[in-house]
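**Student:** One structure, as structure tokens, below. Some questions next.
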DNA sequence: CAAAATCCATTTGTATACGAATGAATTTCA
DNA sequence: TGAAATTCATTCGTATACAAATGGATTTTG
């Protein structure tokens, strides 16, 4: 095992040490206000996730106008995994059945994907990329990488890695 | 300055050291595949933010059925900041004008908020909590804290603090 | 095997989201 | 001051989201 990364991580640790509010800073013995902590919206994970997502989607929107974020995700997943049943595609892009249907319908209207019946399982609809869909995704992928980079720009490289790691644990 | 927190942070650093993919692990000299990194949806911040948000909203939904997340956020912000113009309320809850209008309309229908004209600025509509709205929020706040706790449960205390810190930087 | 449980795609209904346009009111600034 | 810029609330249109219900197909199991 190679320890070349340690100093980088120490850097961020030290930075965080000053920035992060101290855990248990209120002493364990009950003060005059046991319920002193107000409920502040700006401190809630949900709100912070929401705001971070909004900023990301705004960056995406300025960079990519041809496809909505979920349409892009759908084409990206099809590129990655090949043809998939509509429901499987929804699972892999984290959309429920009702939602992925609308996205696929709109992509079909633009002739970026096509559907066919599954021979083996007559419940399934197989969704696949059209040549146009493949081409469009090829053109947009490098821009999409820039969108990710721009989204993470406020963080150092190690902070970025840690954020992704922590978000993954929240899945 | 007190350094009592350092060992905690070192713990997570060491854990991350093994879990986080190495930065620049591909050598700087061009290999046979300069574009070797595939675009994997599951590695994109946007997708991870989305999944973390989905899990959070699912936890919220199981815990709180009386109000949607945005309705709760709206009441919480009104409790925190007092009566606000509709647009100001939208800004503080991170909803645009069109969105906050729908939320306020639905809260009004349930008589949890009320609106009045601003005497000073005739463009503005002032939104305030009704007694029922205040009561309902009082009842739900401790559950909302549990929702936040449950959302962050997969992380240690220091990881939680770091995540919130990093998300704040992405705003 | 056949009933029960699942899975698949679809539809319906409600609730965000947000760009863009609009008209009224207020503020800015030349 | 008065025109230009901004702000506010509203509306319209499109695109997610997701719970719940439905009907058809497949899998699981007793």
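Residue numbers (my numbering), protein chains in the order written: chain A, 206 to 376; chain B, 206 to 376. Glycine is no exception: its CB is placed at the ideal position from the N, C-alpha and C atoms. The structure displayed is predicted, hence computed values, not measured ones.
#1: Please report whether the beta-carbon of residue 256 of chain A lies at a distance below 7 Å from any beta-carbon of chain B.
#2: Closest to residue 282 of chain A by CA distance: which of B:247, B:299, B:305 and B:276 is it?
#3: Who are the near neighbours of residue 330 of chain B in its chain, counting only those whose CB is closer than 8 Å to its CB and skipping five residues on each side?
#4: Okay, do the segment 241–256 of chain A and the segment 298–305 of chain A touch, 3+ Cβ pairs below 8 Å being the bar?
#5: So, do the segment 264–277 of chain B and the segment 345–358 of chain B have three or more beta carbon pairs nearer to each other than 8 Å?
#6: Taking 7 Å as the threshold (C-beta atoms), are residue 244 of chain A and residue 346 of chain B in contact?
#7: How should residue 257 of chain A be labelled, buried or exposed, when 16 other C-beta atoms within 10 angstroms of its C-beta is the threshold for buried?
#8: Given residue 365 of chain B, which residues of its chain have a CB within under 7 Å of its CB, disregarding the five upstream and five downstream residues?
#9: So which residues of chain A does residue 364 of chain B contact, with C-beta pairs closer than 7 Å?
#10: To the nearest angstrom, report how far apart residue 219 of chain B and residue 300 of chain B are at their CA atoms.
#11: Give a yes or no on whether the minimum CB-CB distance between residue 336 of chain B and chain A is below 7 Å.
#12: Tell me whether the beta-carbon of residue 317 of chain A lies closer than 7 Å to the beta-carbon of residue 335 of chain A.
#13: Is the shortest distance between the beta-carbon of residue 280 of chain B and the beta-carbons of chain A less than 7 Å?
#14: Return the residue from the list B:373, B:275, B:374 and B:293 that minimises the CA-CA distance to residue 308 of chain B.
#15: Taking the alpha-carbon of residue 272 of chain A as reference, which of A:348, A:374 and A:296 has the nearest alpha-carbon?
#16: Thinking C-beta only, is residue 279 of chain B closer than 7 Å to residue 342 of chain B?
#17: List the residues of chain A that residue 350 of chain B touches, going by C-beta distances under 8 Å, in chain order.
#18: According to DSSP, what are the bridge partners of residue 333 of chain A?
#19: How about residue 368 of chain B and residue 371 of chain A: are their beta carbons less than 7 Å apart?
#20: Can you check whether the C-beta of residue 374 of chain A is within less than 7 Å of a C-beta belonging to chain B?
#21: Residue 332 of chain A and residue 286 of chain A look like a contact to me (Cβ under 8 Å); what is the Cβ gap, rounded to whole Å?
#22: Report the partner residues of residue 289 of chain A according to the DSSP bridge assignment.
#23: Could you name the residues of the same chain whose beta carbon sits closer than 7 Å to that of residue 337 of chain A, not counting the 5 residues immediately before and after it, in chain order?
#24: Could you name the residues of chain B that residue 346 of chain A contacts, counting a contact when the two beta carbons are closer than 8 Å?
#25: Mind pulling the chain B residues with CB within less than 7 Å of residue 250 of chain A?
#26: Under 9 Å Cβ-Cβ, which residues of chain A neighbour residue 283 of chain B?
#27: Based on Cα-Cα distance, which residue from A:277, A:255 and A:241 lies nearest to residue 311 of chain A?
#28: Kindly indicate if chain B contains any beta-carbon less than 7 Å away from that of residue 317 of chain A.
#29: Would residue 268 of chain A pass as an interface residue toward chain B - the criterion being a Cβ-Cβ separation below 7 Å?
#30: What residues of chain B sit near residue 341 of chain A, judged by a beta carbon separation below 7 Å?
#31: Assuming contact is defined by CB atoms lying nearer than 7 Å, are residue 359 of chain B and residue 374 of chain A in contact in what I supplied?
#32: With a threshold of 16 other CB atoms inside 10 Å of the CB of residue 255 of chain B, please say whether the residue is buried or exposed.
**Tutor:** The structure says:
#1: yes
#2: B:247
#3: 290, 291, 320, 321, 322 and 323
#4: no
#5: Between the segment 264–277 of chain B and the segment 345–358 of chain B, the count of C-beta pairs closer than 8 Å reaches three or more; the two stretches touch.
#6: yes
#7: buried
#8: 357
#9: 371
#10: Caution is warranted here: a pLDDT of 38 is assigned to residue 219 of chain B, below 50, making its placement in the model unreliable, and no coordinate value can be reported.
#11: No, residue 336 of chain B lies away from the interface with chain A (no Cβ there is under 7 Å from its Cβ).
#12: yes
#13: no
#14: Of the residues B:373, B:275, B:374 and B:293, the one whose Cα lies closest to the Cα of residue 308 of chain B is B:275.
#15: A:348
#16: no
#17: 244
#18: A:319
#19: yes
#20: At least one beta carbon of chain B lies nearer than 7 Å to the beta carbon of residue 374 of chain A.
#21: The C-beta distance from residue 332 of chain A to residue 286 of chain A rounds to 11 Å, too long to fall under 8 Å, and the pair is not in contact.
#22: DSSP output for residue 289 of chain A lists A:332 as bridge partner(s).
#23: 316 and 317
#24: 244
#25: 261, 353, 356, 357 and 369
#26: Neighbours of residue 283 of chain B on chain A: none; closest Cβ ~10 Å, over 9 Å.
#27: A:277
#28: no
#29: no
#30: Within 7 Å Cβ-Cβ: nothing; residue 341 of chain A doesn't reach chain B, min ~14 Å.
#31: Going by C-beta atoms, residue 359 of chain B is nearer than 7 Å to residue 374 of chain A.
#32: buried
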